[in-house]
Amino acid sequence: MLWVNRIVGVALILVCAALWQISADYPEMARLFPRVIFAIIVFFSALMVGRTFLPAAAAGGSGEGGTSASVMVRPVLAFVATSLALAVSTYVGFFLAMVVLAAALVPILGVRQRGWYAFATVVLLVVVYVVFVIVLNVPLTLRPPVL
Numbered sequence: 001m002l003w004v005n006r007i008v009g010v011a012l013i014l015v016c017a018a019l020w021q022i023s024a025d026y027p028e029m030a031r032l033f034p035r036v037i038f039a040i041i042v043f044f045s046a047l048m049v050g051r052t053f054l055p056a057a058a059a060g061g062s063g064e065g066g067t068s069a070s071v072m073v074r075p076v077l078a079f080v081a082t083s084l085a086l087a088v089s090t091y092v093g094f095f096l097a098m099v100v101l102a103a104a105l106v107p108i109l110g111v112r113q114r115g116w117y118a119f120a121t122v123v124l125l126v127v128v129y130v131v132f133v134i135v136l137n138v139p140l141t142l143r144p145p146v147l
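Structure, rendered in structure tokens:
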């Protein structure tokens, strides 16, 4: 896992550096939000890479354990479900797509405490609405577009 964490961490830093340059084409206020996110990703990626060089932290290991391909099934399914939900959100609306995604992730992630999961989903969607629609004035797709 050490080499995987190093490779993924460095790759994320390089991707963020490239996207930082691309964001320079946007007006000052429009590029602020992505650049804050890039900075956060770089910070955590640097922590992930740095942690692999600390003997005490590296000895503890990370991840779910095994080295077989079967440990990748859940993360890949979650990634595919999220990608599909984002693609479909243009047609059915952001909030409907995210509610369906949350329901689809229950068996994929093996959620046990469904009440707390539902509560966290509602809180997350409210926060997304407040941040994007109210604070940033970025409209989310609320319903299917008119054909």
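Quick note: the sequence shown uses full-length UniProt numbering, first residue 1, plus one each step.
Note that the Cβ used here is the ideal one computed from N, Cα and C, for glycine as well.
_Candidates R74, A17, R35, of which the one nearest I108 by Cα_ = Counting from 1 along the sequence shown, the entry for residue 108 is found at position 108. Of the candidates R74, A17, R35, the one whose C-alpha sits nearest the C-alpha of I108 is R74.
*Can you round the beta-carbon distance between P34 and S23 to whole angstroms, since I take them to be within the 8 angstroms contact cut?*
Mapped onto the sequence shown, residue 34 falls at position 34. Mapped onto the sequence shown, residue 23 falls at position 23. Sure, about 5 angstroms apart at Cβ, within 8 angstroms.
*Extent of the continuous alpha helix (DSSP H) to which T141 belongs*: Locating residue 141 in the sequence shown gives position 141, counting from the first residue. Unbroken run through T141: none, as it is neither H nor E.
_Along the chain, where does the alpha helix (DSSP H) containing V131 start, and where does it finish?_
In the sequence shown, counting from the first residue as 1, residue 131 sits at position 131. V131 -> no alpha helix (DSSP H), and no H or E assigned at all.
*Would the stretch 117 to 132 and the stretch 91 to 103 be scored as touching if the rule is three or more Cβ pairs under 8 angstroms?*
yes
*Since T52 and S89 are thought to touch, with beta carbons under 8 angstroms apart, how far apart are those beta carbons, to the nearest angstrom?*
By 1-based counting over the sequence shown, the position of residue 52 is 52. By 1-based counting over the sequence shown, the position of residue 89 is 89. About 36 angstroms separates the two Cβ atoms, so there is no contact after all.
*Under a Cβ-count criterion, where at least 16 other Cβ atoms within 10 Å of its own Cβ denotes burial, should M98 be classed as buried or exposed?*
For the purposes of this step, residue 98 is taken as residue 98 along the sequence shown, with counting starting at 1. By the neighbour-count rule (16 or more Cβ atoms within 10 Å), M98 is buried.
*asked:* Considering Cα atoms alone, identify which of R112, W3, P139 is closest to G50.
replied: In the sequence shown, residue 50 corresponds to position 50, counting from 1. Closest by alpha carbon: W3.
*CA nearest to the CA of A11, picked from Q113, R114, F38, Y91*: As a first step, residue 11 must be located in the sequence shown, where it is residue number 11. Closest option to A11, Cα to Cα, is F38.
*Closer than 8 angstroms to chain C by CB, V42*: Within the model displayed, chain C is absent; a lone protein chain is all it includes.
*Run the CB neighbour count on G115, radius 10 Å, all protein chains shown included, and call it buried at 16 or more, exposed below.*
Numbered from 1 along the sequence shown, position 115 holds the residue referred to as residue 115. When all chains shown are included, G115 counts as exposed.
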